[in-house]
Amino acid sequence: MIISHASLIVNDQIKAMQFYTEILGFQLKHNIPGVDEAGNHWLTVVSPERPDGVELFLSPNDNPISVAFQQGLKAQGIPAIQFAVSDVAAECERLKGLGVEFTLEATDVGPAIIAIFNDTCGNLIQLMKEKGG
178 MIISHASLIV NDQIKAMQFY TEILGFQLKH NIPGVDEAGN HWLTVVSPER PDGVELFLSP
238 NDNPISVAFQ QGLKAQGIPA IQFAVSDVAA ECERLKGLGV EFTLEATDVG PAIIAIFNDT
298 CGNLIQLMKE KGG
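Quick note on the working numbering: the sequence shown kicks off at 178 and runs consecutively.
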C-alpha cells in the first residue's frame with residue numbers, strides 16, 4: 178500500500194493552483210473542471226522532483242465542516258501540511274522574494290529546522306528539514 182494522494186483544503190482552487198505552481202514550483206498534474214454540481218475541479222499538483230509521486234489534491238472548501246476545520250487550524254497556528262526542503266533558510270529567502278508572508282522564520286526546533294508561511298488560500302504551510310537527514 179502506498180500514499181497516492183493527499184488533500185489540502187483551499188478556499189479558492191484557481192488561486193491555489195497559481196500559488197502552488199507559480200510560487201512554490203509544483204507541477205500541475207490534473208485540472209479537470211466541473212467534476213461536481215458546484216463546478217469544482219479535480220486539481221492536483223506534484224513535486225517536479227517526483228512527478229509520478231504523491232499528488233496533492235487542492236480540495237475545495239465548499240462545506241461547513243471543511244470551513245471550520247481549515248479556519249480552526251489557521252486560528253491556532255497549526256500548519257495544514259508540511260513540505261520537506263533541503264535548506265529551510267534559503268527557501269524562506271526565495272519565497273519572501275516572491276512576496277510570501279511567513280508567520281515563523283527558519284527556526285531550529287531541535288531535531289529539525291522549520292518555517293511556517295501563509296499560502297494565501299486559507300492555510301499555514303510548514304517547511305521542514307530534518308537534521309542529519
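Note that beta-carbon positions come from the ideal geometry of N, C-alpha and C, so glycine has one too.
Note that the structure is a prediction, hence the values are computed from the model and not measured.
For lysine 251, the enclosing alpha helix (DSSP H) stretches over residues 241 to 252. Non-local C-beta neighbours of histidine 182 in its own chain, meaning closer than 8 Å and more than five positions away in sequence, comprise Thr221, Val231, Glu232, Leu233 and Phe234, ordered along the chain. Spatial neighbours of proline 225 in its own chain (CB-CB distance under 8 Å, excluding positions within 5 residues in sequence) are listed in chain order as Gly202, Phe203 and Gln204. Taking every protein chain shown into account, the CB of valine 265 has 16 or more other CB atoms within 10 angstroms, so this residue is buried. Inter-residue distance for isoleucine 302 and glutamate 282 is about 12 Å (C-alpha atoms, whole angstroms). Shown here, lysine 273 sits in a helix according to DSSP, grouped into three states. Of the candidates Gln195, Val187 and Phe196, the residue whose Cα lies closest to the Cα of asparagine 217 is Val187.
Residues His207, Ile209 and Val212 of the same chain have their beta carbon placed closer than 6 Å to that of tryptophan 219, with the five preceding and five following residues left out of the count. Asparagine 240 is classed as exposed because its beta carbon has fewer than 16 other beta carbons within 10 Å across all chains shown. Closest by C-alpha distance to glycine 287, out of Glu307, Gly249 and Gln253, is Glu307. Going by DSSP, lysine 308 is part of no alpha helix (DSSP H) at all; its letter is neither H nor E. Taking the Cα of serine 263 as reference, the smallest distance to any Cα among Ala292, Thr280, Pro237 and Gln247 is reached at Ala292.
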